[in-house]
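First comes the structure, then the notes that go with it.
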Amino acid sequence: MLIETSKDLLYVVLTFAVLWFVIFFSWILFYVIMICRQAHKMVSVFRGKVEQVSQAAEKIKLKFENSSAYLGLIAQAVEKIVDFFLEKKSKRGKK
Numbered sequence: 696m697l698i699e700t701s702k703d704l705l706y707v708v709l710t711f712a713v714l715w716f717v718i719f720f721s722w723i724l725f726y727v728i729m730i731c732r733q734a735h736k737m738v739s740v741f742r743g744k745v746e747q748v749s750q751a752a753e754k755i756k757l758k759f760e761n762s763s764a765y766l767g768l769i770a771q772a773v774e775k776i777v778d779f780f781l782e783k784k785s786k787r788g789k790k
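Right, dumping it as structure tokens:
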């Protein structure tokens, strides 16, 4: 017979308890791994979006830097035009 003493019954019960514990632990481990996988995917997507924003900000910064080089020239040109018109106006006033 399979179960002859109470010790044999204890071993059978412990075997089933360990089996259920392993099944439960495997199930929990599976869900933890799936949660970690989804978190990894979300972090990857977030990093991609942050990289896109960073690249866009860098492009905007470069455009401002390039346009600021021309602003000095434009300011000088406007200053000369204003001086020209002021001189022309002052010459008309003297006549």
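Its first residue numbered 696, the sequence shown is counted upward by one per residue in the working numbering. Heads up, the beta-carbon is just placed ideally off N, CA and C, and yes, glycines get one too.
Checklist entry - How many Å lie between V740 and I755 at the Cα? => result As a first step, residue 740 is located in the sequence shown; it is residue number 45 there, counting from the start. As a first step, residue 755 is located in the sequence shown; it is residue number 60 there, counting from the start. V740 and I755: Cα-Cα distance of roughly 23 Å.
Checklist entry - Would a C-beta distance cut-off of 8 Å place V707 and I718 closer than the cut-off? => result Stepping through the sequence shown from its first residue, residue 707 is reached at position 12. Stepping through the sequence shown from its first residue, residue 718 is reached at position 23. In this structure, I718 does not lie closer than 8 Å to V707 by Cβ.
Next on the checklist: In whole angstroms, give me the CA-to-CA distance for S762 and F780.
Outcome noted: Locating residue 762 in the sequence shown gives position 67, where the first residue counts as 1. Locating residue 780 in the sequence shown gives position 85, where the first residue counts as 1. If I take the Cα positions, the gap works out to 27 Å.
Checklist entry - Which residues in the same chain have their Cβ closer than 6 Å to the Cβ of F711, if we skip the five residues on either side of it in sequence? => result Looking up residue 711 in the sequence shown gives position 16. Answer for F711: no residue qualifies.
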